[in-house]
Ligand SMILES: Nc1ncnc2c1ncn2[C@@H]1O[C@H](COP(=O)(O)OP(=O)(O)OP(=O)(O)O)[C@@H](O)[C@H]1O
Ligand SMILES: [Mg+2]
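Protein chains in written order, with the numbering used here: chain A, 1 to 314; chain B, 315 to 586.
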């Protein structure tokens, strides 16, 4: 007879093996997906070029379809090799180094924006939880805030940030203004999913807390917050991606240099001399988004551990 | 660990009533087309330390009455006194332990953590919590399952944990609404014996809602039979079965009492 501890350990081992297997499978799927994407891109390009050159009635198709020449759609091989080449003749480092540096800069902006957005979003959710009346009063304004075009607010925020803010205990940097722009996007999904998550706590459990004469804060911490975690992590993943988008757009419309946004703007303005460069930097931005979501997923895995997955209140 | 828990008898008044209900009415959606008279003019006195069952057809207001006693909803008319206080004051004084049809355990907490929840809310320190949780695990006969999560337990085990959680802070009154409703017959009978055992050990006052006549008769000192629309008390039956043993369920008296309760329920049905 195995002891209880041995059993627990065996189960843990099995779970870990299963998790590894899941991880491997997911990685394979990801690679296959990339390959399919590359194949579709190349295939479409080949098809477009073929009909462009055709002297038959197929030429009509060529005129209707979007362009496929090397300037519009550089070959995948070119894009990949571009990462290793220096982006300018006199710059020593390869493009990938520039992209990595810019990505880190943007990631810092996005991370600060994410955390501020998390605080703000949870704050809004907790305030709205106070009463239906507050929720009805506030949520339309939150929705409205997201319909204001970011390109309009970004310069305003950057200009605010450029004023001397001596009252702060630290020097305000331009990149922090970009974080505020990212915050503007991140707080929204967190506030909306947060309130929904808090309200998802089982009514019977809410009554149970009431029977213990638990206060509002105790109920929030012990019941509503844990019940909201699945909703919150969905929101955090959304927020992670929009924080990157917000940072990139913020850099571009706020004229802040050093990050991916600026890089993309530069390469876009000199597109004709190197289309692959722009493609490469866009891929960099996508990878950055994936990394951001990946970080959230890791935290989720640590917080909502496997054992608690049967977490429905029954 | 003896697993013995002291009953905290309510008040100092001689032969005091744990629950004193007078002229209690509850109307839902008052003045609207979907108005429901759930309870009408209920008067009931529940002695401290007794085990009282509420039984009656679906919709007759059993749960509503229990929720009024537990201050989970407010009466339309009449009063509920618990240990000589208003029901809401009793709630604030943590006089209630509650267990319902669904165990309502928090899935993200282990069994021990679930039992410790009320203690944590009441500001107990870690050591006291740990000791009490161990005592409770002993009482509900799950001493080895403290570190398990609820979804790893069977329905009956979950229900026992819910009862352990309800009793952990030694409330004077235990309110149960069909706690074994979702269990199979075998587990159910087993749980009934367990609950009686716990009741004897702790001396709590228990108000127990059930659909099952044998369950009500087997468990209680007193069975309150209710009739619907509006909810009223149709009969108040003393149960004189003495100490419950393995043979109680097959005794002549047991069947007589079951018949007595059934007859009230049927007569009530026929008369409308
Ligand atoms: N929150 C509510 N709002 C409106 N009507 C309600 C509410 N709760 C209960 N009722 C009504 O009050 C009546 C009594 O309900 P209650 O739940 O107390 O019945 P019950 O005896 O517990 O029934 P069951 O045995 O099916 O659990 C029913 O007609 C029900 O529709
Ligand atoms: Mg009911």
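Every residue gets a Cβ at the ideal spot worked out from N, C-alpha and C, and that includes glycine.
Chain-ordered chain A contacts of residue i [CB-CB under 8 angstroms]
i: residue 432 of chain B; result: 212
i: residue 414 of chain B; result: 204
i: residue 405 of chain B; result: 210, 211, 213
i: residue 358 of chain B; result: Per Cβ cutoff of 8 angstroms: no residues; residue 358 of chain B is ~20 angstroms from chain A at best.
i: residue 438 of chain B; result: Within 8 angstroms Cβ-Cβ: nothing; residue 438 of chain B doesn't reach chain A, min ~12 angstroms.
Under 7 angstroms by beta carbon: chain B residues contacting residue i
i: residue 218 of chain A; result: 435
i: residue 163 of chain A; result: None at all; the shortest Cβ gap to chain B is about 46 angstroms.
Unbroken beta strand (DSSP E) run spanning residue i, endpoints
i: residue 487 of chain B; result: 487-491
i: residue 351 of chain B; result: 350-361
i: residue 393 of chain B; result: 391-396
Beta-carbon proximity list for residue i, same chain, < 7 angstroms, skipping 5 on both sides
i: residue 42 of chain A; result: 76
i: residue 578 of chain B; result: 539, 548, 549
i: residue 78 of chain A; result: 276
i: residue 567 of chain B; result: 555
i: residue 480 of chain B; result: 411, 412, 413, 488
i: residue 558 of chain B; result: 510, 532
i: residue 289 of chain A; result: 241, 244
i: residue 402 of chain B; result: 385
i: residue 572 of chain B; result: 527, 528, 531
i: residue 409 of chain B; result: 396, 397, 485, 486, 487
Within chain A, the residues that residue i reaches when beta carbons sit closer than 7 angstroms
i: residue 522 of chain B; result: Going along chain A, no residue has its Cβ under 7 angstroms from residue 522 of chain B, so there is no contact; the nearest lies around 16 angstroms.
Nonlocal neighbours in the same chain, by C-beta distance under 6 angstroms from residue i, ignoring five residues either side
i: residue 359 of chain B; result: 331, 334
i: residue 18 of chain A; result: none
i: residue 261 of chain A; result: 248, 251, 252
i: residue 58 of chain A; result: 51
i: residue 438 of chain B; result: none
i: residue 108 of chain A; result: none
Which of helix, strand or coil DSSP assigns to residue i
i: residue 316 of chain B; result: Residue confidence is low: residue 316 of chain B scores 40 on pLDDT, short of 50, so the model does not pin down where it sits. No coordinate-derived value is stated.
i: residue 238 of chain A; result: helix
i: residue 212 of chain A; result: coil
i: residue 57 of chain A; result: coil
i: residue 518 of chain B; result: coil
i: residue 557 of chain B; result: coil
i: residue 540 of chain B; result: strand
i: residue 191 of chain A; result: helix
i: residue 298 of chain A; result: helix
i: residue 454 of chain B; result: coil
i: residue 546 of chain B; result: strand
i: residue 475 of chain B; result: helix
i: residue 340 of chain B; result: strand
i: residue 331 of chain B; result: strand
i: residue 367 of chain B; result: strand
i: residue 29 of chain A; result: helix
i: residue 570 of chain B; result: helix
Start-to-end residues for the alpha helix (DSSP H) that takes in residue i
i: residue 162 of chain A; result: 150-162
i: residue 95 of chain A; result: 95-129
i: residue 222 of chain A; result: First-last for residue 222 of chain A: undefined, no H or E at that position.
i: residue 300 of chain B; result: No statement about residue 300 of chain B is possible, as the shown extent of chain B runs from 315 to 586 and does not include it.
i: residue 376 of chain B; result: 376-383
i: residue 410 of chain B; result: No alpha helix (DSSP H) holds residue 410 of chain B; the beta strand (DSSP E) holding it covers 410-413.
i: residue 133 of chain A; result: 132-147
i: residue 261 of chain A; result: 260-269
i: residue 404 of chain B; result: 401-406
i: residue 434 of chain B; result: 425-435
Contacts that residue i makes with chain A (C-beta to C-beta distance below 9 angstroms)
i: residue 380 of chain B; result: Simply none; closest approach about 11 angstroms.
i: residue 408 of chain B; result: 211, 212, 213
Residue i: contacting residues in chain C (beta-carbon distance under 9 angstroms)
i: residue 386 of chain B; result: Looking at the structure shown, chain C is missing, and the protein chains on hand are A and B.
Cut-off 8 angstroms between Cβ atoms - residues of its own chain near residue i, not counting five sequence neighbours on either side
i: residue 118 of chain A; result: 186, 187, 190, 236, 239
i: residue 61 of chain A; result: 51
i: residue 337 of chain B; result: 355, 356, 357, 391, 392, 393
i: residue 424 of chain B; result: 460, 461, 462, 463
i: residue 256 of chain A; result: 158, 174, 175, 177, 178, 250, 262
Under 8 angstroms by beta carbon: chain B residues contacting residue i
i: residue 196 of chain A; result: Residues of chain B passing the Cβ test: none, with the nearest at roughly 18 angstroms.
i: residue 21 of chain A; result: The contacting residues do not exist; residue 21 of chain A stays about 22 angstroms from chain B at best.
i: residue 45 of chain A; result: Within chain B, no residue comes near residue 45 of chain A; the closest Cβ sits about 51 angstroms away, beyond 8 angstroms.
Query raised in the report: Is there contact here, the segment 143-159 of chain A with the segment 208-216 of chain A, by at least three beta-carbon pairs under 8 angstroms?
Result: no
Requested in this report: State whether the segment 124-138 of chain A contacts the segment 193-200 of chain A, with contact taken as three or more CB pairs (one from each stretch) at a distance under 8 angstroms.
Outcome: yes
Query raised in the report: Can at least three beta-carbon pairs, one atom from the segment 425-445 of chain B and one from the segment 475-495 of chain B, be found at a separation below 8 angstroms?
Result: Yes, the segment 425-445 of chain B touches the segment 475-495 of chain B.
**Report entry** the segment 184-193 of chain A touching the segment 230-244 of chain A, judged by at least three CB pairs closer than 8 angstroms
**Finding:** yes
Query raised in the report: Contact between the segment 491-498 of chain B and the segment 387-402 of chain B: three or more CB pairs below 8 angstroms?
Result: no
Report task. Specify whether the segment 430-448 of chain B and the segment 364-384 of chain B touch according to this definition: at least 3 beta carbon pairs, one from each stretch, less than 8 angstroms apart. Result -> Contact between the segment 430-448 of chain B and the segment 364-384 of chain B is absent, with fewer than three C-beta pairs closer than 8 angstroms.
Requested in this report: Evaluate contact between the segment 88-99 of chain A and the segment 277-284 of chain A, counting only Cβ atoms and requiring at least three cross-stretch pairs below 8 angstroms.
Outcome: Taking one beta carbon from each stretch, the segment 88-99 of chain A and the segment 277-284 of chain A have 3 or more pairs nearer than 8 angstroms; the two touch.
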